[in-house]
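Numbering (UniProt numbering), first residue to last: 1 to 363.
Glycine included, each C-beta is placed from N, C-alpha and C at the ideal position.
These figures come from a predicted structure and were not determined experimentally.
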Amino acid sequence: MGSGLEHQVFISFRGKDVRDNFFSFLKENLVEKGVKVKTDEDAPRGKPINENLLKLIRDSKVAVVIFSANFAESDSCLDELVEIEKQRKLKKLDPLPIFFAVEASHVRLEVHSPFKDILLRLEDDERIKARKESPKALEEAEKRFLSWRGALDSISYCMGLTYRTGSNQAIFRRGIVEKVKDMLANVPSPDGVPQHRVFISFRGEDIRHSFLPLLIVGFKRSKINVFEDDENLIRGKSIDNLFLGIQESRIALVIFTDNYMSSAWCLEELVEISKCMKINSLKVLPIFYKVEPEGVLGYNRTFIDQLVEIWGTTDARIGRWNQALLSVGNMPRYISKPQMRDADFVEDIINATTKMLTDTSCT
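See below:
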């Protein structure tokens with residue numbers, strides 16, 4: 001595999017919306033800057049995504065996804081998006097969503113919109129076809145719909161750019177090119193898998209769509225490599241692979257929130273973080289987001305009482321979870337104040353993390 005693949009960018013778009021104007025000029029602008037651009041233009045339309053197209057996505061470092069009015073009427077575009085999301089989860093590429101005269105909230109299906117209506121019509125058409133085939137085909141179709149919706153939601157929450165109707169397209173395209181160049185400049189060396197410098201342990205349902213994206217963007221801006229765990233995103237992976245991410249990190253951020261202690265996944269990785277504190281000299285920074293330490297750690301009662309209340313008296317894991325909470329929870333921590341803006345809290349965390357990384361580099 002040639003080193004030129006470092007600079008490959010895949011562009012996913014709905015041809016009838018943008019091919020003859022916005023897309024063609026954007027591709028030209030990127031190529032002029034030496035960016036190797038790949039698209040699905042040569043793939044047959046209306047057919048299941050094929051291996052050649054999958055390979056184009058997998059060989060790319062950045063995926064530009066142009067969400068436009070009719071994006072959701074194409075099952076090919078949606079299948080591409082599912083593969084892009086898979087590669088994002090594997091940390092093989094970074095998506096750049098472009099909201100071309102559509103709202104991000106419409107792509108997320110948060111509100112009723114023409115975008116959502118188009119998707120519902122496609123799902124209905126595909127459902128009718130599958131029902132005629134077999135019950136198994138209908139079951140597979142429903143799974144496919146769920147994967148479409150999951151990818152739309154996840155990718156639309158990535159940091160992107162929005163084009164408003166009537167704006168100067170040339171200026172907007174230049175902004176995309178600069179953003180792509182910046183993303184490519186931060187692609188890790190192909191010589192090996194980069195060591196994760198910071199591991200983030202968090203309860204996905206509490207901060208996945210709010211605080212966490214701000215934090216990740218802040219770390220990327222500061223050129224800090226991050227491993228973000230989310231039990232809902234990496235479910236099914238070996239726990240050993242997750243532990244390897246902790247072991248390869250120099251710092252672990254543990255973000256305590258309302259529901260952190262109700263997640264066995266979070267508590268198990270907290271045990272591993274506690275082990276690595278002692279064995280691998282892992283530095284740990286507890287963060288209390290919109291909760292007081294006493295609310296999570298229970299200063300008026302023991303940790304173990306809280307764990308028993310949540311998990312029951314017979315759960316054999318409580319002992320090690322309690323020890324990990326005692327080890328990590330009582331360390332110097334950062335606490336979000338009631339009136340503090342998330343952006344300011346993120347800045348404090350990044351500054352503290354940067355200092356910790358500098359200190360560990362000097363030891």
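What do you get for D20, buried or exposed, if any count of 16 or more other CB atoms within 10 angstroms of its CB means buried?
-> exposed
Near F13, which residues of its chain fall below 6 Å by C-beta distance, leaving aside the five closest residues on each side in sequence?
-> F23 and I66
Taking only the alpha-carbon atoms, compute the straight-line gap between K91 and G245 and give it to the nearest angstrom.
-> 12 Å
Assign I84 to buried or exposed, taking buried as 16 or more other Cβ atoms, counted over all protein chains shown, within 10 Å of its Cβ.
-> buried
So, is T358 buried or exposed, given that buried needs 16 or more other C-beta atoms within 10 angstroms?
-> exposed
Measure the C-alpha to C-alpha separation of L122 and A141 and round it to an integer number of angstroms.
-> 11 Å
Does the Cβ of G204 have 16 or more other Cβ atoms within 10 Å, making it buried, or fewer, making it exposed?
-> buried
Indicate whether at least one CB of chain B lies closer than 8 Å to the CB of A316.
-> In the displayed structure, chain B is absent; only one protein chain is listed.
Kindly indicate which residue of E269, F71 and F256 has the alpha-carbon position closest to the one of E292.
-> F256
Between the Cα of S336 and the Cα atoms of F227, V328 and D348, which residue gives the shortest distance?
-> D348
State the start and end residues of the unbroken beta strand (DSSP E) segment that holds K337.
-> Segment: none, K337 is in no beta strand (DSSP E) and carries neither H nor E.
Span of the beta strand (DSSP E), counted from its first residue to its last, around K283 = K283 to F288
Apart from the five residues on each side of it in sequence, which residues of its chain come closer than 6 Å, Cβ to Cβ, to V151?
-> The amino acid occupying residue 151 in the given sequence is Ala; Val does not appear at that position. Same-chain partners within the cutoff: L81, V82 and E85.
Of all the options Y157, G218, N168 and I224, which has the alpha carbon lying nearest to the alpha carbon of V187?
-> I224
Does the separation of the CB atoms of L138 and A130 fall below 8 Å?
-> yes
Determine the burial state of L134: buried for a count of at least 16 other Cβ atoms within 10 Å of its Cβ, exposed for fewer.
-> The displayed chain sequence assigns Ser, not Leu, to residue 134. Result: exposed.
For D254 versus V198, is the C-beta distance shorter than 8 Å?
-> Correcting the residue type first, residue 254 is Val in the shown sequence and not Asp. No. Outside cutoff.
Can you give the Cα-Cα distance for Q323 and V177, rounded to whole angstroms?
-> 50 Å
Is there contact between the stretch 205-224 and the stretch 165-172, where contact requires at least three CB pairs shorter than 8 Å?
-> no
E126 to S156 span [Cα, whole Å] | 24 Å
Looking at L285 and M356, is the spacing between their C-beta atoms short of 8 Å?
-> yes
Please list, in chain order, all residues of the same chain as I57 whose beta carbon is under 7 Å from its beta carbon, the five residues on each side excluded.
-> F10, A63, E80, E83, I84 and Q87
Identify every residue that forms a DSSP beta bridge with A63.
-> F10 and P95
With burial defined as no fewer than 16 other Cβ atoms inside 10 Å of the residue's Cβ, what is the status of A185: buried or exposed?
-> exposed
S263 versus R149: straight-line alpha-carbon distance, rounded = 25 Å
Helix, strand or coil for E85, going by three-state DSSP, please let me know.
-> helix
For I350, which three-state DSSP category applies?
-> helix
Beta carbon of Y163, beta carbon of F99: below 8 Å?
-> yes
Simplified DSSP assignment, three categories, for F243 | helix
Whole-number beta carbon distance between V111 and S68, since they are thought to touch under 8 Å | Between V111 and S68 the Cβ distance is about 18 Å, and since that is not below 8 Å, they are no contact.
Look at the alpha carbon of I350 and the alpha carbon of R221, and state the distance between them as a whole number of angstroms.
-> 10 Å
Rounded C-beta distance between I207 and Y289? I'm assuming under 8 Å.
-> 6 Å
Which first and last residues belong to the alpha helix (DSSP H) in which S113 is found?
-> Element bounds for S113: n/a, residue is neither H nor E.
Just grab the DSSP bridge partners of F199 for me.
-> F227 and A252
Could you give the DSSP three-state label for V193: helix, strand or coil?
-> Its pLDDT being 46, under 50, V193 is placed unreliably by the model, and nothing is read from it.
With DSSP run on the structure shown, which of helix, strand or coil describes E28?
-> helix
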